[in-house]
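Enquirer: Mind looking over this structure? Questions follow.
Below is the structure:
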């Protein structure tokens with residue numbers, strides 16, 4: 010973009026695990042925290058060139074295949090935190106969300122589309138938490 014003199018927008022995919030940590034997910038949490046750090050630094054580097062850089066950090070997005078895998082993995086490796094029954098695990102995880110529901114893929118997509126749009130033309134260096142109030 011810089012080379013061509015064009016403005017633009019980048020949205021990186023982070024996670025609430027990178028913001029608040031997550032049990033049994035140290036490497037994943039660290040990698041997503043790094044994405045957030047990269048986003049903040051790149052936003053400062055690229056803003057003078059008219060390039061906006063933001064990130065989204067979803068949590069508890071489902072139901073769907075990824076959610077099912079996450080719940081099953083937590084039931085296996087995170088039994089000391091959530092128990093071993095996938096339905097119980099899902100209920101306990103959703104219990105951490107003040108809005109008391111799953112987020113949807115559509116809600117994540119809408120957030121990304123906003124950050125990419127001209128409506129967000131003065132937004133850069135933001136990590137948008139899409140987590141129903143969970144932290």
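Residue numbers (my numbering): 10 to 144. Virtual Cβ for every residue (Gly too), placed ideally from N, Cα, C.
When you compare the CB positions of residue 137 and residue 33, do they come within less than 8 Å of one another, or not?
Expert: Contact: no.
Enquirer: Would you tell me roughly how many angstroms separate the C-alpha atoms of residue 73 and residue 81, rounded to the nearest one?
Expert: Their backbone Cα atoms lie some 12 Å apart in a straight line.
Enquirer: Using only the alpha-carbon positions, how far apart do residue 110 and residue 38 sit?
Expert: Cα to Cα, the separation comes out at about 22 Å.
Enquirer: Within this structure, are the beta carbons of residue 121 and residue 65 separated by less than 8 Å?
Expert: Taking 8 Å as the Cβ cut-off, residue 121 and residue 65 qualify as a contacting pair.
Enquirer: How would you label residue 16, buried or exposed, when you count the other beta carbons within 10 angstroms and need 16 or more for buried?
Expert: The residue is exposed, with fewer than 16 neighbouring Cβ atoms inside 10 Å.
Enquirer: Between the stretch 95-103 and the stretch 50-62, do three or more beta carbon pairs fall short of 8 Å?
Expert: Result no; under three Cβ-Cβ pairs closer than 8 Å.
Enquirer: As an exercise, report each continuous alpha helix (DSSP H) stretch of at least 4 residues that is fully enclosed by the stretch 20-101, in chain order.
Expert: List check, alpha helix (DSSP H) in window: 25-29, 35-55, 74-86, 88-91.
Enquirer: Please identify the residue among 30, 94, 19, 129 whose C-alpha is closest to the C-alpha of residue 47.
Expert: Of the listed residues, the one whose Cα sits closest to residue 47 is 19.
Enquirer: Verify whether the separation of the beta carbon atoms of residue 107 and residue 142 is less than 8 Å.
Expert: Cβ atoms of residue 107 and residue 142: closer than 8 Å.
Enquirer: So the alpha helix (DSSP H) residue 12 belongs to, where does it begin and stop?
Expert: Segment: none, residue 12 is in no alpha helix (DSSP H) and carries neither H nor E.
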